[in-house]
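Participant: My structure is below; once you've seen it, I'll send some questions.
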Amino acid sequence: EGWLNPINKEDCPLGTYHVDHVGPMEMSKKSYNYLLVVVGAFSKFGWLYPTKNTGAEAVVDRLRKQSSVFGNPKRIISDRGSAFTSTLFKEYCEKEGIQHLTIATGVPRGNGQVERIHKIVIPMISKLCHESPGEWYKHVERVQQTINNTPPRSTKISPFKILTGLEMRVAEMPNLEELLENFATEEIDSEREKSRLQAKENIVRLQEENRKTYNVRRKAEVEYKINELVVIKRTQYGSGLKLKPKYLGPYKIIKQLKHGRYEVVKVGDHEGPGRTTTVAEFMKKFDPSFGSNESAGWPIVGSDDKTTRSGHTY
4 EGWLNPINKE DCPLGTYHVD HVGPMEMSKK SYNYLLVVVG AFSKFGWLYP TKNTGAEAVV
64 DRLRKQSSVF GNPKRIISDR GSAFTSTLFK EYCEKEGIQH LTIATGVPRG NGQVERIHKI
124 VIPMISKLCH ESPGEWYKHV ERVQQTINNT PPRSTKISPF KILTGLEMRV AEMPNLEELL
184 ENFATEEIDS EREKSRLQAK ENIVRLQEEN RKTYNVRRKA EVEYKINELV VIKRTQYGSG
244 LKLKPKYLGP YKIIKQLKHG RYEVVKVGDH EGPGRTTTVA EFMKKFDPSF GSNESAGWPI
304 VGSDDKTTRS GHTY
C-alpha cells in the first residue's frame with residue numbers, strides 16, 4: 004500500500020547525493036570488502052569507492068575527497084545504517100552545511116537511485132572478475148566509467164554529459180556496454196512484468212468488489228433440468244410488440260451451460276427463435292396443461308400475470 008512519492012530534483016547536477024553501501028563483496032587482496040556508492044539525484048552520475056568496512060570514518064573520508072573536486076551537495080539521502088546515523092557523520096554534515104535526510108527502515112524505494120545502481124554494479128563486477136574474484140576492485144573504475152557514459156531511461160542523456168556538458172572521450176568497451184544494455188533490458192522486462200501482475204491483481208480485486216455489490220440485491224437462481232419445458236423472456240421489442248406477451252414458449256432445455264445459462268429449442272408452432280441460449284433469470288417454468296404461451300392467456304408458473312384464458316383477472 005501507499006504511493007510512490009518522488010523527491011523533487013533541482014536542475015543542479017550536484018545538489019543532492021544518494022549514498023549507500025554495496026556488499027559484502029569477496030575479500031580483496033587489499034582487504035576491500037564493500038563499495039560506497041554515491042549517486043547524483045539529477046544527473047545520475049555515480050561514484051564507486053572500494054572500502055574495507057561500512058564505518059563512518061570510511062564514508063566521511065571518501066566524501067571529503069569527492070568534495071575536493073566537486074564541492075559539497077546541498078543534501079545527502081541515505082538509509083539508517085550505522086555509518087549514517089553516527090555522531091561523526093552528523094558532525095561532518097553540520098560542518099559542511101549539508102542537509103542529511105534518512106529513508107524509513109525497510110523502504111528501499113526511498114533511496115531508489117542507489118538501489119538501481121546496486122542491480123547493475125554487482126553483476127557487472129562479478130562478470131569481469133570471475134577468474135580472479137579477489138581482484139574485483141580493479142574493475143570498479145571501468146564499471147563506473149561505463150555507467151556514467153550510458154544514458155539512463157529517465158534522462159536519455161549520459162550522466163557525464165549532464166554533469167559536464169561534454170561527451171566522454173574514452174576507449175570503446177563494447178563488452179561492458181553490451182552488458183549494461185542487457186541489464187537495462189532485463190530491468191525493463193522486470194518492471195513490465197511487475198506492472199502486468201499489479202494490473203491483474205487490480206482487475207481481480209475490482210471484479211470481486213463488483214460481484215459482492217451486485218449480489219447484495221440478488222437471490223440464488225432457479226436450477227432447471229434437461230428436457231424441462233420453460234418459457235423465455237422476450238428480449239427484443241419493436242413497433243407493435245409492446246403489447247405482446249413478455250414470455251415466449253414453450254421451449255425445451257437441451258443443454259445446461261456454465262453460470263446459469265441454458266440452451267433451449269422451440270416446442271410447437273409459436274413466435275420466437277427455433278433454438279437459442281438464455282439465462283435462468285430470463286426463464287420460467289411452463290405448465291403443459293395451459294398450452295402454448297403464445298396462443299393462450301393462461302399464467303405461467305411463477306408469473307405475476309393474473310389474467311386467465313377467458314380474460315378475467317383474479
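Quick note, the numbering used here runs 3 ahead of the 1-based positions in the sequence shown. Glycine is no exception: its CB is placed at the ideal position from the N, C-alpha and C atoms. Since this is a predicted model, take the numbers as computed values, not measurements.
Reducing DSSP to helix, strand and coil, say where H315 ends up.
Facilitator: Within the sequence shown, numbered from 1, the residue matching residue 315 stands at position 312. Note that H315 has pLDDT 35, beneath the 50 cutoff, so the model's placement of it is unreliable and the number below is only indicative. Residue state, collapsed to three classes: coil.
Participant: So, helix, strand or coil for R156, using DSSP?
Facilitator: The residue labelled residue 156 in the question sits at position 153 within the sequence shown. In this structure, R156 counts as coil in the three-state DSSP scheme.
Participant: Measuring only the C-alpha atoms, how far is E231 from Q201?
Facilitator: Working through the sequence shown from its first residue, we reach residue 231 at position 228. Working through the sequence shown from its first residue, we reach residue 201 at position 198. In a straight line, the C-alpha of E231 is about 45 Å away from that of Q201.
Participant: State the Cα-Cα distance for the pair V62 and M30, rounded to the nearest angstrom.
Facilitator: Position 59 of the sequence shown holds residue 62. Position 27 of the sequence shown holds residue 30. Straight across, the Cα-Cα distance linking V62 with M30 is about 19 Å.
Participant: Considering only DSSP beta bridges, list what Y254 is partnered with.
Facilitator: One-based indexing of the sequence shown puts residue 254 at position 251. Per DSSP, V233 and K269.
Participant: According to DSSP, what are the bridge partners of L169?
Facilitator: Mapped onto the sequence shown, residue 169 falls at position 166. Partner(s): none; L169 has no beta bridge.
Participant: Pull up the distance between the alpha-carbon of V207 and that of V219, whole angstroms please.
Facilitator: Your numbering for residue 207 matches position 204 in the sequence shown. Your numbering for residue 219 matches position 216 in the sequence shown. If I take the Cα positions, the gap works out to 19 Å.
Participant: Which residues share a DSSP beta bridge with S85?
Facilitator: Within the sequence shown, residue 85 is the residue found at index 82, counting from 1. Paired residue(s): none; S85 is not in a bridge.
Participant: Which of the three DSSP states, helix, strand or coil, is assigned to I101?
Facilitator: As a working mapping, residue 101 is identified with position 98 in the sequence shown. DSSP places I101 in the coil class of the three-state scheme, outside both helix and strand.
Participant: Would a C-beta distance cut-off of 9 Å place I79 and I106 closer than the cut-off?
Facilitator: Within the sequence shown, the letter at position 76 stands for residue 79. Within the sequence shown, the letter at position 103 stands for residue 106. Going by C-beta atoms, I79 is not nearer than 9 Å to I106.
Participant: Give every residue of the same chain whose Cβ lies closer than 6 Å to the Cβ of K47, excluding the five residues on either side of it in the sequence, and list them in chain order.
Facilitator: Along the sequence shown, one-based indexing puts residue 47 at 44. Here the set comprises P155 and P162.
Participant: Would you decide whether Y217 is buried or exposed? Buried here means 16 or more other CB atoms lie within 10 Å of its CB.
Facilitator: Against the sequence shown, residue 217 aligns to sequence position 214. Exposed is the call here.
Participant: State the Cα-Cα distance for the pair G252 and T280, rounded to the nearest angstrom.
Facilitator: As a first step, residue 252 is located in the sequence shown; it is residue number 249 there, counting from the start. As a first step, residue 280 is located in the sequence shown; it is residue number 277 there, counting from the start. Between G252 and T280, the C-alpha separation is close to 13 Å.
Participant: What is the DSSP secondary structure of M127, reduced to helix, strand or coil?
Facilitator: For this step, residue 127 is matched to residue 124 along the sequence shown. In the structure shown, the three-state DSSP call for M127 is helix.
Participant: Using a Cβ-Cβ cut-off of 7 Å (strictly less than) and excluding sequence neighbours within five positions of V173, which residues of its own chain qualify?
Facilitator: Within the sequence shown, numbered from 1, the residue matching residue 173 stands at position 170. Cβ neighbours of V173 within its own chain (closer than 7 Å, five residues either side excluded): Q148 and N152.
Participant: Going by beta-carbon coordinates alone, are Y20 and M28 separated by less than 9 Å?
Facilitator: Along the sequence shown, one-based indexing puts residue 20 at 17. Along the sequence shown, one-based indexing puts residue 28 at 25. Going by C-beta atoms, Y20 is not nearer than 9 Å to M28.
Participant: What number of angstroms, rounded off, separates the C-alpha of Y140 from the C-alpha of G58?
Facilitator: The residue you call residue 140 lines up with position 137 of the sequence shown. The residue you call residue 58 lines up with position 55 of the sequence shown. Each residue's alpha carbon lies about 18 Å from the other.
Participant: Would you mind working out which of L166, I120 and H24 sits nearest G18, comparing C-alpha positions?
Facilitator: As a first step, residue 18 is located in the sequence shown; it is residue number 15 there, counting from the start. Here the closest residue by C-alpha is L166.
Participant: In chain order, what residues of the same chain lie with their CB nearer than 8 Å to the CB of E138, ignoring the 5 residues before and after it?
Facilitator: For this step, residue 138 is matched to residue 135 along the sequence shown. Shown here for E138: same chain residues with a beta carbon closer than 8 Å to its own, the five before and five after excluded, namely S31, K32 and C132 in chain order.
Participant: Using a Cβ-Cβ cut-off of 8 Å (strictly less than) and excluding sequence neighbours within five positions of I229, which residues of its own chain qualify?
Facilitator: Here the question's residue 229 lines up with position 226 in the sequence shown. Close CB contacts of I229 within its chain, under the 8 Å cut and outside five residues either way in sequence, are with I256, I257, K258 and Q259 (chain order).
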